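So the sequence shown is numbered by this note's numbering: it starts at 23 and just counts up by one.
Let me begin by presenting the structure, written as structure tokens, before commenting on it.
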Amino acid sequence: GLAFAAAGGAAGHDALHEEARRLARLLVSEIKLYNEEIIEQGKREGNIYDRLREDVDRSRQMYEERIDPRIRGGEDYFYQELVQRLAGGDPRLLGM
């Protein structure tokens, strides 16, 4: 019984992380979908965040409000998605 409960807790924790990753991916993909040209300009000039500050901040707030509180303060999946999807893996291009 106890081992099963511990395994269920770990699985639940993994599910919370997967949900947070999925939400981050969705929110950042939406930013990218509607701002392709702005993102390309931001990549060239290293200021993606400055160009999309309002969209990024609004999506960040939505992310923080919707993820489980136990996830906050740990892995920042939203930031990871910004780096991967908007900045092509180079955090310097975000200009944050």
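Don't be surprised by glycine CBs; every beta carbon is placed ideally from N, CA and C.
Since the model is a prediction, treat every value here as computed from it, not as a measurement.
CA-CA distance, residue 87 to residue 47, rounds to 15 Å. When DSSP states are grouped into helix, strand and coil, residue 97 belongs to the coil group.
Ranked by Cα distance from residue 115, the options 66, 43, 35 are led by 66. Sixteen is the threshold: when 16 or more other Cβ atoms of the shown chains lie within 10 Å of the Cβ of residue 99, as they do, the residue is buried. Counting only the Cα atoms, residue 102 lies some 14 Å from residue 94. Pairing residue 72 with residue 117 gives a Cβ-Cβ distance under 8 Å. It is roughly 22 Å from the alpha-carbon of residue 33 to the alpha-carbon of residue 85. Counting C-beta atoms within 10 angstroms of its own C-beta, residue 37 has fewer than 16 neighbours from the protein chains shown and is therefore classed as exposed.
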